[in-house]
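Read through the structure below, which is laid out as structure tokens, and then see the notes.
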Amino acid sequence: MGTIETYQEDSSAMGRIEVWKDGWYHTLKHPFTGAGFEGWRWVTQRDWHNSSIEMMSEHGFIAFGIWISMILGTLISLTRLPRKARGIPGLEWVSNYSYMLRTSLIAYLVGTSFLGLSYWDILYHLIFISVLVKQFAMQEINAYKKENSEGVKENSEGVIT
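Take the sequence shown: its letters are residues 11 to 171, numbered as in my numbering.
Here it is in structure tokens:
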């Protein structure tokens, strides 16, 4: 913590910044294809130490866009899902799982800002579990709506009243 104000003197911090710059410049030179898997070996002497730079540099902007869209789409879905389940008896678990998964994805994003773990399987497990949670929740929500179709109304936020 003592080197936060003087990070320029810290060789580890400066090494990461240099590698990130190398990765960015390489991505600009090869925006569609990148360097390929483990491409840091041909671009720089050290690992990327950042998952976003790793994905961009190794696969280009299109693959990075798909990768980040998958993550952001999951975060957005996990933010909206508890609102849809609000007011339905027995679906309190939806909020708990949504918040847990969203927090885990955010922790992944923060942690991999300094680690090259784009291919780490935990990310894809979290996304898959999020899809399952949404699927199970939507089945319950739709069943509840069908059973109570006469008295069920949704407000502008999609919350059942």
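Glycine included, every Cβ here is placed at the ideal spot set by N, Cα and C.
Each residue's CA atom was taken as its position, placing Leu-91 and Ile-76 some 22 Å apart. When the Cα atoms are used, Phe-146 and Gly-25 turn out to be separated by approximately 46 Å. Sequence-distant Cβ neighbours of Ile-98 in its own chain, meaning closer than 8 Å and more than five residues away, are Glu-150, Ile-151, Tyr-154 and Ile-170. Within the segment 20 to 93, the alpha helix (DSSP H) runs of at least 4 residues that lie entirely inside it are, in chain order, 21 to 39 and 50 to 53. Taking Tyr-107 as the centre and dropping the five residues before and after it, the same chain places the C-beta of Val-143 closer than 7 Å to its C-beta, in chain order. With contacts defined as CB atoms closer than 8 Å, Arg-112 and Leu-85 qualify as a contacting pair.
For the pair Ala-73 and Met-65, the CB atoms are nearer than the 8 Å cut-off. Within the same chain, Cβ atoms closer than 6 Å to the Cβ of Ser-128 are found at Ser-61, Glu-64 and Met-65, the five residues on either side in sequence being excluded. Distance between Ala-117 and Asn-158, taken at the CA atoms: about 39 Å. Contact between Phe-42 and Gly-70 holds: CB atoms are separated by about 5 Å, below the 8 Å threshold. Beyond the five residues adjoining it in sequence on each side, Trp-58 comes within less than 7 Å, by CB distance, of Val-29, Gly-33, Trp-50, Glu-64, Ser-67 and Gly-126 in the same chain, given in chain order. Contact annotation: Ala-95 and Leu-88 have beta-carbon atoms that are not nearer than 8 Å. Where Thr-122 is concerned, there is no enclosing alpha helix (DSSP H), because DSSP gives it neither an H nor an E.
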